[in-house]
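Notes to accompany the following structure.
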DNA sequence: TCATTTATTGAATCAGATTCATAATCCGCG
DNA sequence: CGCGGATTATGAATCTGATTCAATAAATGA
């Protein structure tokens with residue numbers, strides 16, 4: 009059924025077009041002004057056709073987030089494949105986040121909105137599940153790094169479940185994303201480069217966990233050098249600029 | 009001008025009524041189904057009157073968050089007045105967060121929504137500023153604890169600004185709030201009591217900063233005992249159950 | 001008490017998401 | 001090819017709910 013396949017492909021291409029246009033409109037006019045009719049118009053399709061793909065506006069937003077998450081996963085997978093000590097890999101996860109936001113500055117803003125009760129609840133169950141599934145590898149990769157560290161004797165859990173270690177580190181990064189994107193919140197704290205700060209705190213926290221080899225978080229140049237090295241060795245093509 | 013005062017008081021009382029009713033409706037039907045007309049109806053006022061107080065629905069939501077923040081500040085102030093070592097006080101800030109969410113389970117969900125680009129942008133500038141001002145003491149108190157620690161020789165900054173220490177700790181707590189409230193995100197991580205975990209990671213991070221006296225985060229019972237003690241000494245009336 | 005100012009009301013308006021009857025297109029078959 | 005039924009696209013009509021504002025009521029003060 010080559011014709012059926014073609015249909016499917018064309019459908020997928022159209023969906024991609026809608027998503028691309030939506031992204032462009034968000035970029036241009038802000039999420040606040042995103043209108044379904046506008047997306048349809050700019051894509052040269054009718055509104056009804058748009059709704060053939062997305063059961064609601066929220067559904068579409070969730071699809072956008074899912075797309076981003078896939079790229080995020082791709083970056084985490086590079087880290088997983090990177091031949092380095094678990095501690096370095098774990099730190100590289102933080103660097104991945106940093107590089108990711110640089111390339112997708114709108115992602116966390118959008119993700120934050122989509123994870124909101126209101127939007128989450130208004131999207132279709134299917135789309136929610138797809139997002140959760142897409143996210144799943146992120147946790148799994150971090151989890152496996154923690155397990156490697158334990159196996160190699162670099163980290164003792166001391167009664168903590170490996171997942172709980174993950175959640176601790178994840179809180180730190182997620183929290184920084186939230187703070188950065190919460191308009192006005194960081195204002196009084198004049199932080200120049202929040203993501204570099206996040207990296208430093210990540211090292212601090214890893215030290216607190218006594219995850220060997222310890223890293224002197226105090227040594228700014230060493231921190232920058234490590235970040236630089238990871239960019240080169242792991243995210244080479246994504247780190248220009 | 010007793011009559012003018014009375015007017016003012018009545019206006020404030022009515023505003024409070026609107027807020028209370030809104031909170032109740034959110035509690036009952038969810039944020040998703042909150043409608044301005046419903047709020048007005050349940051408050052026995054006309055829609056137009058509601059708009060006399062809040063320039064938009066988003067404005068009203070922001071006012072709700074601001075109310076909560078004031079209580080949050082009250083708790084932080086107790087910590088600031090608490091006669092204990094800076095490290096204990098800093099930890100108590102985390103405990104304050106934990107107790108606060110228990111008493112206001114809807115707060116962070118709502119706050120997360122309100123800090124979203126869409127809602128933030130749709131509220132009035134005045135209301136935004138009021139929220140920011142209400143928030144300000146939270147940061148200031150944490151900041152002062154950090155400074156105390158440095159003054160008393162319990163903590164070296166090693167090139168970090170005091171604000172940057174704050175931001176690191178704040179990321180951790182904010183991130184945990186975000187994770188807890190992001191539907192489905194923590195699912196795979198089966199964390200029983202995320203806020204207790206947050207407390208533990210907070211201690212870990214403070215250790216990582218080499219903030220004396222160090223605390224053995226590994227010692228579960230000691231952690232629980234400390235949390236318990238803080239509840240008793242600082243948040244006695246708020247900690248029942 | 002009455003004129004004037006101020007506040008309240010809720011029906012009308014408006015914006016924008018969503019639906020669905022109609023029109024167009026596609027597909028397999030003779 | 002051309003036809004009839006099935007599938008898909010269309011966009012005007014509908015629906016929802018926020019917001020406005022002309023009409024009405026209440027308060028003020030001379």
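Chains as they are written, first to last, in the working numbering: chain E, 9 to 249; chain U, 9 to 249.
Quick reminder that beta carbons are idealized off the backbone N, C-alpha and C, glycines included.
If you're wondering where the values come from, they're calculated on a predicted model, not measured in any experiment.
At a CB-CB cut-off below 9 Å, which residues of chain U make contact with residue 158/E? Going along chain U, no residue has its Cβ under 9 Å from residue 158/E, so there is no contact; the nearest lies around 15 Å.
If we define contact as Cβ-Cβ less than 8 Å, is residue 6/U a contact residue for chain E? With chain U covering only 9 through 249, there is no way to say anything about residue 6/U.
Work out the CA separation of residue 175/U and residue 124/U for me, nearest whole Å. 19 Å
Would a check of beta-carbon distances place residue 109/E closer than 8 Å to chain U? no
For the alpha helix (DSSP H) containing residue 62/U, list its first residue and its last residue. Taken as a continuous stretch (DSSP letters only), residue 62/U belongs to no alpha helix (DSSP H), as it is neither H nor E.
On the CB-based measure, 16 or more other CB atoms within 10 Å of its CB, does residue 248/U come out buried or exposed? exposed
Of the residues 28/U, 127/U, 60/U, 120/U, the one placed nearest residue 19/U, counting alpha carbons only: 60/U
Are any of the Cβ atoms in chain E nearer than 8 Å to that of residue 207/U? no
State yes or no: is the C-beta of residue 6/E within less than 8 Å of the C-beta of residue 135/E? Residue 6/E lies beyond the residue range present for chain E, which begins at 9 and ends at 249; the question has no answer from this structure.
Check whether the region 94-103 of chain E and the region 30-50 of chain E are in contact - that is, three or more C-beta pairs closer than 8 Å. no
Is there contact here, the region 169-183 of chain U with the region 193-213 of chain E, by at least three beta-carbon pairs under 8 Å? yes
Are the C-beta of residue 77/U and some C-beta of chain E separated by less than 8 Å? no
Give the interface partners of residue 121/E over in chain U, defined as CB-CB distance under 8 Å, in chain order. 124, 125, 126
Which word fits residue 120/E, buried or exposed, when buried means at least 16 other C-beta atoms lie within 10 angstroms of its C-beta? buried
Please list the terminal residues of the continuous alpha helix (DSSP H) segment that includes residue 241/U. 228-241
Could you tell me how far apart the beta carbons of residue 224/U and residue 233/U are, in whole angstroms, since I believe they sit closer than 8 Å? The pair is not a contact, with the Cβ atoms about 12 Å apart (cut-off 8 Å).
Cβ shell of residue 100/E (< 8 Å), same chain only, five flanking positions each side left out: 87, 90, 92, 238, 242
Between residue 182/E and residue 183/U, is the Cβ-Cβ spacing less than 8 Å? yes
Over what stretch of residues does the alpha helix (DSSP H) that includes residue 178/E continue unbroken? 170-189
So which of 53/U, 109/U, 104/U, 34/U has the shortest CA-CA distance to residue 72/U? 34/U
Taking only the alpha-carbon atoms, compute the straight-line gap between residue 9/U and residue 53/U and give it to the nearest angstrom. Low local confidence applies: a pLDDT of 46 at residue 9/U is under 50, so the model's placement there is unreliable, and no value is given.
Please report the distance separating the alpha-carbon of residue 109/E from that of residue 116/E. 8 Å
Assumed close pair residue 168/E, residue 179/U - CB separation to whole angstroms, cut-off 8 Å: Not really, about 20 Å apart at Cβ, beyond 8 Å.
Can you pull out the residues from the region 35-51 of chain U whose beta carbon lies closer than 8 Å to at least one beta carbon of chain E? 38, 39, 40
Can you say whether residue 14/U is buried or exposed, counting buried as having 16 or more other CB atoms within 10 angstroms of its CB? exposed
Give me the Cα-Cα distance between residue 218/U and residue 215/E, rounded to the nearest whole angstrom. 10 Å
Counting pairs of Cβ atoms below 8 Å between the region 148-161 of chain U and the region 133-152 of chain E, do you hit three or more? no
Pairwise C-alpha distance: residue 159/E and residue 198/U: 22 Å
Would residue 244/U be called buried (16 or more neighbouring beta carbons within 10 Å of its own) or exposed? exposed
Assuming the contact rule is C-beta atoms closer than 8 Å, residue 131/E and residue 64/E should be a hit. Round their C-beta distance to whole Å, please. 7 Å
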